[in-house]
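The opening position of the sequence shown corresponds to residue 501 in the numbering used here, with each subsequent residue numbered one higher. Cβ coordinates follow ideal geometry from the N, Cα and C atoms, glycine included.
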Amino acid sequence: MLQSKQVTIILVLSLISMLAIVISSIILINSNGMDQRLQGWVNLLWVPVAVLFLIIDRLCVKKFGTHSVNKVELYILGILLLLFAFNWIRLRFQH
C-alpha cells in the first residue's frame, strides 16, 4: 500500500483517470448503439497512457524523492493551466 508521504499529483490524477476511463468504457460497451460500443472500446486505448504516466511518476519518486517530484509536477500543472487560460482568452477575443 502507498504511504501518504509518497503520494504525488500525477499519481492521483492517473489513478482517477484510469478509474474514469474504465467506468465510462463499461457503460458505453454495455449500451445499445453500435457507435457507443465502439467508443467504449476506443476509450480503453487511453489506459496505457495513464499507466505510462504512473510508471514514470513512480520511477521519478524513487530516484528524486516525493517533495522534488511534487514541486516539478506543480510547476507543470500550473503552466498547463496558464496555457489553457491564455487559449480561452484568445478564443474569446477571436470574434
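Whole angstroms are fine: how far does the CA of residue j sit from the CA of residue i?
| i | j | result |
| --- | --- | --- |
| residue 581 | residue 566 | 22 Å |
| residue 536 | residue 527 | 9 Å |
| residue 594 | residue 576 | 27 Å |
| residue 505 | residue 525 | 32 Å |
I'd like to check one pair, residue j with residue i: are the Cβ atoms closer than 8 Å?
| i | j | result |
| --- | --- | --- |
| residue 529 | residue 540 | yes |
| residue 508 | residue 570 | yes |
Considering Cα atoms alone, identify which of the options is closest to residue i.
| i | options | result |
| --- | --- | --- |
| residue 514 | 526, 552, 535 and 545 | 552 |
| residue 517 | 547, 591 and 578 | 547 |
| residue 544 | 523, 512 and 572 | 523 |
| residue 573 | 584, 557 and 525 | 557 |
With burial defined as no fewer than 16 other Cβ atoms inside 10 Å of the residue's Cβ, what is the status of residue i: buried or exposed?
| i | result |
| --- | --- |
| residue 550 | buried |
| residue 510 | buried |
| residue 568 | exposed |
| residue 542 | exposed |
What ranges does the alpha helix (DSSP H) occupy inside the region 512-572, keeping only unbroken runs of at least 4 residues that lie completely in it? 534-543 and 547-564
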